[in-house]
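Engineer: This structure is in structure tokens; I'll ask about it shortly.
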């Protein structure tokens, strides 16, 4: 198992940064609704199980640089970026206990593989909401499918840059054994997230915190 940071000291520094960010997110979130609605709690903890399963089912040639379904676009559109942050942090802890990552990697792994994709997914949705027509098909195709595919691409590029910067692998090896396979993962990422969002829009639109029924169905 290859460490994602060059030393345990820098690893703990990233963990502290991640903890500060997460603490701010938790303190700013209004937990009253979450505590009152069991449905929201079930979705939250169910999402953790699914995200952990996705992260555990990875494939790749280079240790530390694995492809797997992220699922963060669907989770972000459903719960919002703050709850997605908290859920992803708990997933990172589970990955540590399962032996998938080192303790001193949990901070940087959260920042690169969870926080960044979640924020990208959310702000991409905000751009779609402001610039494009409010239509369920636009929401599913652009905010769901395309958003998820681009999120997977961003994650892979950032991870490649990180390992290349720290000279864990040669740039040519990163390209040959990782980056060139990216299109093969962008499509399934988009499909999985897009199918989930489609099902939610059709059967349970109220479970999507970013989906306004009055706005989308009246257009």
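Numbering (the working numbering), first residue to last: 10 to 228.
For every residue, glycine included, the Cβ atom is placed at its ideal position computed from N, Cα and C.
Because the structure is a prediction, the values reported are computed rather than measured.
1) Specify the secondary structure class of residue 29 as computed by DSSP and reduced to three states.
2) Residues in its own chain within less than 6 Å of residue 34 by CB, not counting five upstream and five downstream?
3) Would residue 85 and residue 131 be called neighbours here (beta carbons separated by less than 8 Å)?
4) Do you know whose CA, among 114, 57, 78 and 58, lies nearest residue 22's CA?
5) Can you name the residues that DSSP bridges to residue 193?
6) Just to confirm, is the Cβ distance from residue 126 to residue 163 under 8 Å?
7) Please give me, in chain order, every unbroken run of the alpha helix (DSSP H) with length at least 4 that falls completely inside the stretch 20-79.
8) Just curious, the alpha helix (DSSP H) that residue 142 is in, first and last residue?
9) For residue 117, is the classification buried or exposed, using 16 other Cβ atoms within 10 angstroms of its Cβ as the cut-off for buried?
10) Considering only the alpha carbon of each residue, which of 110, 149 and 37 lies closest to residue 209?
11) Looking at residue 60: is its Cβ nearer than 8 Å to the Cβ of residue 80?
12) Please classify residue 148: does DSSP put it in a helix, a strand, or coil?
13) Within 8 Å, do at least three Cβ pairs link the stretch 167-182 to the stretch 135-150?
14) Does residue 24 pass the burial test, meaning 16 or more other C-beta atoms within 10 Å, or should it be called exposed?
15) What residues in its chain sit with their C-beta under 6 Å from that of residue 192, if we drop five residues either side in the sequence?
16) Excluding the five sequence neighbours on either side, which residues of its own chain have a C-beta within less than 8 Å of the C-beta of residue 183, listed in chain order?
17) Is residue 176 helix, strand or coil by DSSP?
18) Measuring CA to CA, which of 40, 146, 112 and 107 is closest to residue 227?
19) At the level of alpha carbons, what is the spacing between residue 221 and residue 212?
Structural biologist: On the basis of the data shown:
1) In the structure shown, the three-state DSSP call for residue 29 is helix.
2) Result list for residue 34: 91 and 94, in chain order.
3) In this structure, residue 131 lies closer than 8 Å to residue 85 by Cβ.
4) The candidate whose alpha carbon is nearest that of residue 22 is 114.
5) Secondary-structure assignment with DSSP links residue 193 through no beta bridge to anything.
6) For residue 126 and residue 163, yes; Cβs fall inside 8 Å.
7) Fully enclosed alpha helix (DSSP H) runs of no fewer than 4 residues occupy 41-45 and 47-65 of the stretch 20-79, in order along the chain.
8) No alpha helix (DSSP H) contains residue 142, which DSSP labels as neither H nor E.
9) Here residue 117 is buried, its C-beta having at least 16 other C-beta atoms within 10 Å.
10) Cα-wise, what sits closest to residue 209 is 149.
11) Their beta carbons are under 8 Å apart, which means residue 60 touches residue 80 by this criterion.
12) Three-state result, residue 148: helix.
13) In short, these stretches do not touch, since the Cβ pair count stays below three.
14) The residue is buried, with at least 16 neighbouring Cβ atoms inside 10 Å.
15) For residue 192, there are no CB contacts under 6 Å within the same chain when 5 residues up- and downstream are skipped.
16) Closer than 8 Å at Cβ, skipping near neighbours: 71, 74, 169, 172 and 173.
17) Secondary structure at residue 176: coil, using DSSP grouped into helix, strand and coil.
18) Ranking the options by Cα distance to residue 227, first place goes to 146.
19) Going by the C-alpha atoms only, they are around 14 Å apart.
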